[in-house]
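For reference, the structure discussed in these notes is given below.
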Amino acid sequence: MGVPDVSVVVPVYNTMPYLTGCLRSLVAQTIGLDRLQVVAVDDGSTDASGAELDRFAARHPGVFTVIHQANSGGPAGPCNRGLDAATGRYVFFVGADDHLGPDALRRLVEAADAWESDVVAGRVVGVNSRHIYQDIFARTQADVDLFDSPLPRSLANTKLFRRELLEKYGIRYREDLPLGSDLPFTLEACYRARRVSVLADYDYYYAVRRHSATNITYLSRHADRLRTAEATTAFIAELIPPGKQRDAVLARRFDHEIAKLLEDDLLRLDRETQQLVHDGIGRLARAHLTDGIAGQLNAETRIRLALARDGAPDDLLAVIRQDARTGVPPTVVEGDRRYAAYPGFRDPERGLPDSCFEVTGAPDWSAKLDATALAWESDERGEKVLTITAVSPLPDLAAAGAEPLAVSAEEIPAEVSAVGCGERGTTLRIRFRVDELLAGSGVTGQRRAVSAQVGGFDPGRAVGAQTATGAAGSAAVRAPRVRAAVPLVRRRGRRLYVVTPVLDDSGRLMISVVPVTASRVAAQLRRTLRRTR
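Okay, so the sequence shown: first residue is 1 according to full-length UniProt numbering, each after it adds one.
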């Protein structure tokens, strides 16, 4: 056998029965087994994963290289062992509980050869309500700029890499990071690459959320995540010189990994961990949060980072508690300045600077909506709609000179109308047509974040509410005082789907559309039985 076109590296730890589906998707690739090498690294599995790898290797001799090793504590070690054993012109990494579209590798390799790309990202879709940022996959592009695109928000390793590039620069996974080790790896590869390309014409990679949600990402702890954020931020600062390019990458880290440490679940942690997170993020903000980065962040993230930097833990927790349990605070307008009147604002005992609460330059502030009611209704045409009643923090959006608000569930727009205004804000009625939610969900379903955008709907920036989009004026819709509506079961074609408004851990509103399957029903029954014991 000559040099394979692509080596697929599969780190494996206790992923049965998902592993079987993953391996089947690899041997079914249209690129052909003669052009494929699969390097699977069993990282000390205690279930049947190791035996399943050996079974596939015996069935497909010359295709599989199986490495068994003691558990290393994370995916970085197995990925590095697999990369060391890879012989293909290109390398592709796949999680052992995920799978590929049958034509994925052929399309990726052909694109890389045609465009002379060092990195190619094919569209990734979520399975079992796993949320995947889709903005980088808005269209196929032969050449993507790392510093002027959504690429820094999509630095998972689910991409095709030219192996020559990885070897030339010695790019490997950080084995000292049990979490997030693929971010420095992918970032350096994209930074060193002659060309990075994106393919949006096919579902290349299916990222599966396990029904049990037991993998390391879902169970990660704040202390580990903080250590990862500190390490990746230091890595970026060392890799990229100061300036707009570094800020473009760091803005996404502050907006995503770092901001997620300051979400509502911080309220449920013990005091020692709250102090640890506050202090650690304060150090990161003092060292790396430039004005250029802050200008790209939404108001919520900006305020919380400022309080981690300039305030005490209780100042930060009071703001989070307000958002989580009460909702958006009133807006204080003084001339051309605006401030969010959170607890601690101009409290003489706290002594916090007004700058911590200023939202004058945050166009997303008027889009920071609190949902106050959710209901299934029929519209004037008799079509089923999800109606959301929500309030903006500005008492009168029109009088305040704010641009019109649009609301979307990522690429699916809603109908928005103002129905009243008062001291606490402007009340809006938001309607999503159920047929449109179903049409955009595909056979695997989808979980979409609901967000509001200033200046009208633009699908290019409405995909995913948790973005570094202060300039674009997009904010997640929250629902701190609302119980999610009951699920709605609807048929589309031959399939039944369940449509459910749900809240994430920080009270942000999501719309979940999932197909009714036997495995999903069984998982729901198991959860119900556990609750009744």
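We treat Cβ as the ideally placed atom computed from N, Cα and C, and that holds for glycine.
Beta-carbon proximity of residue i to residue j, cut-off 7 Å
i	j	result
I320	L266	yes
A373	L405	no
S7	V119	no
K368	A475	yes
T65	V27	no
V502	V513	no
V477	A371	yes
L284	T233	yes
L187	L155	yes
S506	E175	no
V416	I430	yes
A207	G82	no
N71	D42	no
residue 537	P150	Because the chain is modelled from 1 through 533, residue 537 falls outside the range shown and cannot be assessed.
V9	F137	no
H222	T140	no
S25	L100	yes
G280	L226	yes
G282	A308	yes
R494	P515	no
Q322	P330	no
S49	N80	no
I236	V249	yes
residue 534	L177	With the chain covering 1 to 533 only, the question about residue 534 has no answer from this structure.
R130	R209	yes
Beta-ladder partner(s) of residue i, from DSSP
i	result
R433	V385
V91	S7 and F161
R495	R492
S392	T426
G122	L199
C421	T426
H99	Y206
L179	According to DSSP, which records beta bridges pairwise, L179 is partnered with nothing at all.
S355	According to DSSP, which records beta bridges pairwise, S355 is partnered with nothing at all.
P501	I511
Continuous alpha helix (DSSP H) stretch holding residue i: start and end
i	result
S45	That residue, S45, is in no alpha helix (DSSP H); it is neither H nor E in DSSP.
Q322	No alpha helix (DSSP H) contains Q322, which DSSP labels as neither H nor E.
W115	A104 to W115
Y191	D182 to R192
L155	Premise fails: L155 is in no alpha helix (DSSP H) and is neither H nor E.
R81	A76 to A85
E300	A299 to D310
Y18	Y18 to V27
Q453	Counting along the chain, Q453 falls outside any alpha helix (DSSP H), though it belongs to the beta strand (DSSP E) covering Q446 to V454.
L199	Taken as a continuous stretch (DSSP letters only), L199 belongs to no alpha helix (DSSP H), being part of the beta strand (DSSP E) at V196 to L199.
Q274	R271 to H288
L226	H222 to L239
L250	K244 to R253
Assumed close pair residue i, residue j - CB separation to whole angstroms, cut-off 8 Å
i	j	result
G122	R107	7 Å
L428	R490	With 8 Å as the limit, L428 and R490 do not qualify as a contact, their Cβ atoms being about 25 Å apart.
T191	L146	Checking the sequence, you will find Tyr at residue 191 rather than Thr. With a Cβ gap of about 6 Å, Y191 and L146 count as contacting.
P313	H256	About 22 Å separates the two Cβ atoms, so there is no contact after all.
A112	R162	7 Å
A306	S355	7 Å
P480	R325	6 Å
S117	R35	Not confirmed; about 18 Å, so no contact.
A362	A299	4 Å
G2	Q37	At roughly 11 Å, the Cβ-Cβ gap does not stay under 8 Å, so G2 and Q37 are not in contact.
E410	A449	6 Å
T426	V391	7 Å
Y202	D98	About 16 Å separates the two Cβ atoms, so there is no contact after all.
W376	L509	With 8 Å as the limit, W376 and L509 do not qualify as a contact, their Cβ atoms being about 15 Å apart.
residue 573	L33	The structure shown does not extend to residue 573, since the chain is modelled only from 1 through 533, so no value can be given for it.
The beta strand (DSSP E) enclosing residue i, as first and last residue numbers
i	result
Q134	Premise fails: Q134 is in no beta strand (DSSP E) and is neither H nor E.
I511	L509 to P515
E377	D370 to S378
I293	From DSSP, I293 is part of no beta strand (DSSP E) but of the alpha helix (DSSP H) over D291 to A294.
T331	T331 to E334
residue 581	Given a span of 1 to 533 for the chain in the structure shown, any question on residue 581 remains unanswerable.
H68	F64 to Q69
V407	L405 to A409
A476	S474 to A476
Residue i beta carbon near the ligand GTP (any heavy atom closer than 6 Å)
i	result
T426	This structure does not include the ligand GTP; it has no bound ligands of any sort.
Residue i at chain D interface by Cβ criterion, 7 Å
i	result
H131	Looking for chain D here will not work: only one protein chain is present.
* the region 350–358 in contact with the region 425–435 per 3-pair CB rule at 8 Å -> Taking 8 Å as the limit for Cβ pairs, the verdict is that the region 425–435 does not touch the region 350–358.
* Is it a yes or a no for the region 75–82 touching the region 51–62, going by three-plus beta-carbon pairs under 8 Å? -> Segments in contact, no.
* To do: Pair every Cβ in the region 282–298 with every Cβ in the region 333–349, then say whether three or more of these pairs are closer than 8 Å.
  => With a cut-off of 8 Å, the region 333–349 and the region 282–298 do not count as touching, because too few Cβ pairs lie within range.
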